[in-house]
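Residue numbering for the sequence shown follows this note's numbering, starting at 10 and increasing by one per position. Using N, Cα and C, we set each Cβ at its ideal position, and we do this for glycine too. Note that the coordinates shown come from a computational prediction; the quantities given were computed from them, not determined experimentally. Presented below is the structure to which this report refers.
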Amino acid sequence: AKIIKFTTIKGDWVLDPFAGRGTTGIACVSLGRNFTGIDLYNENTVKIEKNITDLIKGKFTVRINDLTEDDIYAKV
Numbered sequence: 010a011k012i013i014k015f016t017t018i019k020g021d022w023v024l025d026p027f028a029g030r031g032t033t034g035i036a037c038v039s040l041g042r043n044f045t046g047i048d049l050y051n052e053n054t055v056k057i058e059k060n061i062t063d064l065i066k067g068k069f070t071v072r073i074n075d076l077t078e079d080d081i082y083a084k085v
């Protein structure tokens with residue numbers, strides 16, 4: 010999400026040719042970007058559409074700015 014935040018502005022389009030679970034799309038919607046996702050498997054696109062619809066309806070929220078380096082890298 011941070012890459013999208015710092016390399017695009019609100020209203021920009023982001024293309025994800027390997028959409029998978031839709032993480033990029035969810036980040037885009039959360040940040041006010043437009044998103045086009047492509048995936049080989051139709052069941053993935055159905056899940057992505059549901060997740061983004063739920064996000065728009067306010068069924069869940071995404072925390073983007075709260076992550077720290079410690080959250081990303083586990084200390085061993």
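CA nearest to the CA of residue i, picked from the options
i, options, result
"G29", "E52, L40, A10, T17", "E52"
"W22", "G31, G46, T32, K11", "G46"
"V55", "I18, G34, K14, G20", "G34"
"G67", "G20, N43, V38, D25", "V38"
"K14", "D25, F27, R42, N60", "R42"
Run of the beta strand (DSSP E) containing residue i, from where it starts to where it stops
i, result
"K25", "First, the residue type needs correcting, since residue 25 is Asp and not Lys in the sequence shown. That run of the beta strand (DSSP E) goes 22 to 25."
Cβ neighbour criterion (16 or more within 10 Å) applied to residue i
i, result
"L49", "exposed"
"T62", "exposed"
Opening and closing residue of the alpha helix (DSSP H) in which residue i lies
i, result
"R19", "According to the sequence shown, residue 19 is Lys rather than Arg. From DSSP, K19 is part of no alpha helix (DSSP H); its letter is neither H nor E."
Task: Sequence ranges, alpha helix (DSSP H) only - wholly within the segment 32 to 71, length at least 4 - done: 32 to 40, 51 to 65
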